[in-house]
């Protein structure tokens, strides 16, 4: 492992991820120099003294060889800027985004990171998701995975888990989990098996080194990685106070596509996702619409949903006017129909025969009436 | 009744409403002249020969005195352009709107039309509404009526009926139904009682004269009146193929506010309303948000929905970092907390006492741990 790599690995242990000041210091003097200064408790760049002191304290117990070993033991690798699989175009952004890009990523799994996220969509939402949220997350993820898109999420309970599971249920579905803990620390415990399957089929990614527990701040910081690595993020179901709204905010700051699934306004669990729709997120109701929003035009464009075409649809306005004037139950003469329709009798005489051929009206001894088809009733299949 | 009024009344009988050619002819030569020509079966303006002939046929049986009587008998009146209660600013529009404005309106009820629609919102949707759609329609209508807004709809089954009923359930709630039949022809039959109550508390409005049955074309034409008379229209719940999408299209053409309520993507009944959200309709989830969209700013602005404020919210990032590092179950020493948090021990020593005062952490023999409040668990009310 090169000294630069070694230093970046150390930084993921000594400092909490997402700090612009640490990021700027690394850009200015290099990772090795930053680590050396932190170990010595010396100021570096604009890194706050409290962070320096915190890092120094952690460095006291830090063993570089042990850390590299831990990575190897769990079958993970460190991916750094400049590496082939570092998705540079997704992990470079301006200072106006609140949280800094990662300095390095711990990656576990056989897929190549950059390749896996090239066509990827984030799907996030409430841990306490409703049956509706879970169903829709699974459905969207399955649909996206079926079309060759990678589903990114955070392996949490609720929407996250449903999204991963949905992608895994597709034959060659690929999915990636960004964890707030180390790639060898399954969290939540109840998703240990799921996280294992994600690692086996896709990738587990984390900014913190093996063995690290998740913390609230790490969850927040992790969310931005889901947003950043994806072309766009769907908030499937979220209450007005939900971590996934942070992910949506981060996606917006990163100029990613922000989507939300409409949900019942009567359920508190959709207050946040519906709120995103109010604030301009793209409304998506199917996997096709998700891919329409993030995909290459033409390739993934969704068809407009349509109702069944009815026999009446093809008719001109005058013809419809006549048809409207033909009674369903009783029989009516041509002049009666003409008067009711407000059209000339001649028009009625011209229009009715073709309507009869089309099976919309029928003629009897005392005039005309509608057939079941003409009345717009669904036709029964022939026995 | 003036000759002009008499002629407009006759026109509502002789011609189907919404025709730009009839409208233009009236503008050009006046209603009386148009009626005289139609009676004689003579061409007038650009009115198509078929329409002239249809009108002539109807005129054969037309009795002006009888029609005026019919109006009087059902307690209705004819409202014409120029009348005090004619809402001119809502009923004047350019040729690029597909359907022409009404030539006159049949109005039944004690309220003044222009006054009643000044602060009004249309609420439309599926006849075959789900329980969800019916509930939301009633809820939005009640909320709007409670705040002094008139609810406009079409008295149909499903969403329409629920909206009228919701408005009527407000103490002084006002509501207006635009009918596709005459104001004395309750349609659908099952809403006879409801339509009666709307007439008693609000207004019944129609473009076709008393005694007229509804037709498909009249439903379409009627929809544009709901859109036109309202400041904005909410599509509460509609399938992808629904007449209320026509109302939304008409509202958009008329530069009215178009709103839609998000609904479950798993239910076909919300496909059309969700589709409107995809095409840019304003997403509304409460009466307050409806009035925010149509209302006077400040007067009706909706508060952003918020979750409950939690004790952790007010804390700075460093303090949160420390709090994150304090265990829930076990006790931890200050240095352990500092190392876990990545902050100086001094910071930990400074931060913990105030957190203790705030009730977020507690100190024991062997260090510190989180309280229930600090762990973010909901606090139980004191017994």
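Residue numbers (my numbering), protein chains in the order written: chain R, 89 to 471; chain C, 89 to 471. Cβ coordinates follow ideal geometry from the N, Cα and C atoms, glycine included. This one's a predicted model, so the numbers in the text were calculated from it and none came from an experiment.
Strictly under 7 Å for the Cβ-Cβ distance: is residue i near chain C by that measure?
| i | result |
| --- | --- |
| residue 295 of chain R | no |
| residue 104 of chain R | yes |
| residue 146 of chain R | yes |
| residue 409 of chain R | yes |
| residue 305 of chain R | yes |
| residue 142 of chain R | yes |
| residue 373 of chain R | yes |
| residue 412 of chain R | yes |
| residue 352 of chain R | yes |
| residue 138 of chain R | yes |
| residue 123 of chain R | no |
| residue 273 of chain R | no |
| residue 349 of chain R | yes |
So, at 6 Å on beta carbons, what are the nonlocal neighbours of residue i in its own chain, with the 5 sequence-adjacent residues on each side left out?
| i | result |
| --- | --- |
| residue 251 of chain R | 211, 225, 229, 239 and 241 |
| residue 340 of chain R | 346 |
| residue 472 of chain R | Nothing in the structure corresponds to residue 472 of chain R, since chain R is present only between 89 and 471. |
| residue 275 of chain C | 269 and 302 |
| residue 429 of chain C | 409, 410 and 413 |
| residue 312 of chain R | 187 and 338 |
Can you say whether residue i is buried or exposed, counting buried as having 16 or more other CB atoms within 10 angstroms of its CB?
| i | result |
| --- | --- |
| residue 177 of chain R | exposed |
| residue 409 of chain R | buried |
| residue 347 of chain R | buried |
| residue 253 of chain R | buried |
| residue 362 of chain C | buried |
| residue 417 of chain R | exposed |
| residue 151 of chain C | exposed |
| residue 141 of chain C | buried |
| residue 114 of chain C | buried |
| residue 248 of chain R | buried |
| residue 287 of chain R | buried |
| residue 284 of chain R | exposed |
What is the DSSP secondary structure of residue i, counted as helix, strand or coil?
| i | result |
| --- | --- |
| residue 271 of chain C | coil |
| residue 29 of chain C | A question about residue 29 of chain C goes unanswered here, because the residues of chain C that appear run from 89 up to 471. |
| residue 325 of chain R | strand |
| residue 448 of chain C | coil |
| residue 416 of chain R | coil |
| residue 249 of chain R | helix |
| residue 436 of chain R | helix |
| residue 331 of chain C | helix |
| residue 207 of chain C | coil |
| residue 443 of chain C | helix |
| residue 467 of chain C | Low confidence applies here, because residue 467 of chain C scores a pLDDT of 39, under 50, leaving its location unreliable and the question unanswered by this model. |
| residue 410 of chain R | helix |
Which residues in the same chain as residue i place their Cβ atom closer than 8 Å to its Cβ, once the five residues preceding and following it in sequence are excluded?
| i | result |
| --- | --- |
| residue 309 of chain C | 104, 105, 106, 187, 268 and 295 |
| residue 205 of chain C | 175, 178, 238, 240, 264, 317 and 318 |
| residue 457 of chain C | 414, 415, 416, 417, 418, 419, 420, 449 and 450 |
Do we get a CB-CB distance below 7 Å when we pair residue i with the residues of chain R?
| i | result |
| --- | --- |
| residue 380 of chain C | no |
| residue 184 of chain C | no |
| residue 362 of chain C | yes |
| residue 89 of chain C | no |
| residue 432 of chain C | yes |
| residue 493 of chain C | No statement about residue 493 of chain C is possible, as the shown extent of chain C runs from 89 to 471 and does not include it. |
| residue 468 of chain C | Because residue 468 of chain C carries a pLDDT of 38, less than 50, the predicted location of this residue cannot be relied on, and the following value inherits that uncertainty. It does not: the Cβ of residue 468 of chain C has no partner Cβ on chain R nearer than 7 Å. |
| residue 365 of chain C | yes |
| residue 427 of chain C | yes |
| residue 250 of chain C | no |
| residue 135 of chain C | no |
| residue 415 of chain C | no |
| residue 439 of chain C | no |
| residue 276 of chain C | no |
| residue 98 of chain C | no |
Give every residue of the same chain whose Cβ lies closer than 7 Å to the Cβ of residue i, excluding the five residues on either side of it in the sequence, and list them in chain order.
| i | result |
| --- | --- |
| residue 437 of chain R | 422 |
| residue 143 of chain C | 102, 103 and 126 |
| residue 180 of chain R | 189 |
| residue 116 of chain R | 133 |
Please identify, using Cβ separations under 7 Å, the residues of the region 211-222 of chain R that lie next to chain D, in order along the chain. Judged by its chain identifiers, the structure shown contains no chain D, and its protein chains are R and C.
Ignoring anything shorter than 4 residues, give me the alpha helix (DSSP H) runs that lie fully in the region 124-205 of chain C, in order along the chain. 137-148 and 152-161
Can you give, in chain order, each stretch of the beta strand (DSSP E) that sits fully within the region 214-246 of chain R and has at least 3 residues? 238-241
Along the chain, which unbroken stretches of the beta strand (DSSP E) at least 3 residues long are found entirely within the region 337-378 of chain C? 345-348
Which parts of the region 251-324 of chain C are runs of the beta strand (DSSP E), unbroken and 3 residues or longer, counting only runs that do not cross its ends? 263-267 and 291-294
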